[in-house]
Amino acid sequence: MLCIMKDIESRVMGHDSCRCNPWRTWMWLFIFCLQFMFEKTYSTSQADVNKHLEMGREMLSRGQLQDALSHYHAAVEGDPSNYLTYFKRATVYLALGKSKVALSDLDKVLDLKPDFISARLQRANVLLKQGNLDEAQNEYERVLLSDPDNEEAYHGVARINPLKNEILHAKSMYSAGEYYASVQYLNSVIEVCSWDPSLRELRADCYTNLDEMSQAVNDVRAATRLRSDNTAGLLKLATLLYKLGDAESSLKEVRECLKLDPDHKECFALYKTVKKLAKNLQDMRDAESNKSYKECVDNAKKALKVESKVEAVVFEAKSHLCRCLHNEGQISASLEFCGEALALRQTPDLYCDRAEAYLAGEMYDDGECL
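Going by mature numbering (1 follows the signal peptide of the UniProt record, and there is no 0), the letters in the sequence shown line up with residues -43 to -1, 1 to 327, in that order.
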C-alpha cells in the first residue's frame, strides 16, 4: 500500500508541484482513512478475541466444557498466533477426554513457544497416558534440562522403566496362558496409561479367556472409543455383547461398524443375524407382557432357530417357553422347557415357574417352590 501511495504521489508531484495540489490533499486523506479503518478493525478483532477468552475461562470454571471449547475455537480463529489460547483449548480437550486433539494443540503451542515448560510437561503427561513411553520420557527429560528441580518431570521419568517392565511381564504371562497373572500386571499399568487402547485390548483378551465376558466388554468398549474408525473393535464389541445375550446392544454396535464401512462383510453378516434375533426376543417379551402367550411361544421358538448355542439367548427363550406354554395350558411341554432352562441356570424364579406348572398339572408331590 505504501509503495502505491508513493507512486501516486510522485505522479501527482510530477504533474503539478503546487503545494495546494488537490490530488495530493485527497491522497493523504485517503491514506489517513485507510489507517484509521485498519486500526479500528484490529482493535475490534482483538476485543472480540479477549471477550471469547474471558467467556471460555468462565465456562471452564463452571464445568461447561463444550461452551468453553466453542469460545476457545473462536479465539484461535481470531488470533492464531497466541500460544496461550492453544494451551487453554488443549486443557478443555483433555477434560473432555480428547487426548489426540489436545496433543495437536500442545504441539502448536510448542511450535510457537518452544520454551513453554508447562506445555511440554503437559505433553509428556498426555504421552504417558497414551502409553507412548519413549516419547514421554524424552519430553520429561527436556523439561528437566530447562528446570532441573521440576518434581513432576522427575517422577515422570522415574515411572517409565517400571511401566515398561510390567508391560513385558503382562505380555509374557498372556503368551504362557497365565491370564489371571497378566490381568494383575495390566491393571497396574492401565491405572497410569489409561488412554492406551492396546493395553485394554490385551486385558479384554485375558478376560475373554477367563470367561469374564462383562469385564471384556468394558475394556473393548473403552478401547473402541480410543481408536478412530475402529471397525475391528466395534465388530469385537458387538460379538461379545451377542455372546452375552444382549442382542439390542450388539445391534447398536454393529450398526456403528456399518456406518464406518457399509461394505464390511463380517459386520454385515452379524448384523443380519442379530437384527432378526433382537426382533424375535423383543416380540417374545412384549407378547408375554400383553398376555399373548401363543405369540410369545412362536417368537421364542423363532429365536431358538436363529440362535441355539449362545447360552444366555437359549436360557431366556426357554424360560419364556416354560411360562408361556404353562399359560397356554400345554403343561407337559412347559415342564420340558422349564427343565431345560434349569439345566442351564438354576434361578429361584424358574423353580417357582416350574412348581406352578406342576400344580397346574395336578402333580402336587412335585410342585414345591424351592
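C-beta: ideal position from N, C-alpha, C; glycine also.
In this text, all values refer to a predicted model and were calculated from it rather than measured experimentally.
Less than 7 Å between C-beta atoms, sequence neighbours within five positions excluded: which residues of the same chain meet that for residue i?
i    : result
L90  : I117, L120 and K121
Y111 : L101
T181 : N187, G190, L191 and L194
E285 : Y250, K251 and V254
A317 : H283 and I288
Over the uninterrupted alpha helix (DSSP H) stretch that includes residue i, give me the two end residues.
i    : result
A59  : S56 to L69
E223 : K222 to S246
F73  : It is not in any alpha helix (DSSP H) - F73 carries neither H nor E in the DSSP assignment.
V211 : A204 to L217
V100 : L90 to S103
N166 : P154 to N166
E268 : E268 to N284
A133 : Unbroken run through A133: none, as it is neither H nor E.
G190 : T188 to K200
Q23  : L22 to G35
R184 : It is not in any alpha helix (DSSP H) - R184 carries neither H nor E in the DSSP assignment.
R46  : Y40 to A52
C253 : Y250 to V263
D306 : P305 to A317
E293 : I288 to L301
Roughly how far, in whole angstroms, is the beta-carbon of residue i from the beta-carbon of residue j, given that I think they are within contact range, below 8 Å?
i    : j    : result
L69  : S38  : 7 Å
W152 : Q87  : 5 Å
C279 : R311 : 7 Å
V231 : S207 : 5 Å
L156 : V140 : In fact, because the Cβ distance is near 11 Å, the residues do not count as touching under 8 Å.
L22  : L51  : The Cβ separation is near 10 Å, so there is no contact.
Y142 : A127 : 4 Å
K200 : M170 : 6 Å
Grab me the residues of residue i's own chain with a C-beta within less than 6 Å of its C-beta, minus the 5 sequence neighbours each way, in chain order.
i    : result
A47  : A59, D62 and L63
P154 : A180, L183 and R184
V33  : T42
E213 : L191
D218 : T188
K233 : V263
Distance cutoff 8 Å, beta carbons only. Does residue i sit that close to anything in chain C?
i    : result
E297 : Although the question refers to chain C, the structure presented lacks it and comprises just one protein chain.
Please list, in chain order, all residues of the same chain as residue i whose beta carbon is under 8 Å from its beta carbon, the five residues on each side excluded.
i     : result
E(-5) : Any reading at E(-5) must be qualified, since the residue scores a pLDDT of 46, below 50, and its modelled position is unreliable; the value itself is stated next. The answer is none, since no qualifying residue turns up.
G202  : V267, E268, A269, V270, F272 and E273
K65   : Y40 and Y43
M130  : Y136, A138, S139 and Y142
L215  : H221, C224, F225 and Y228
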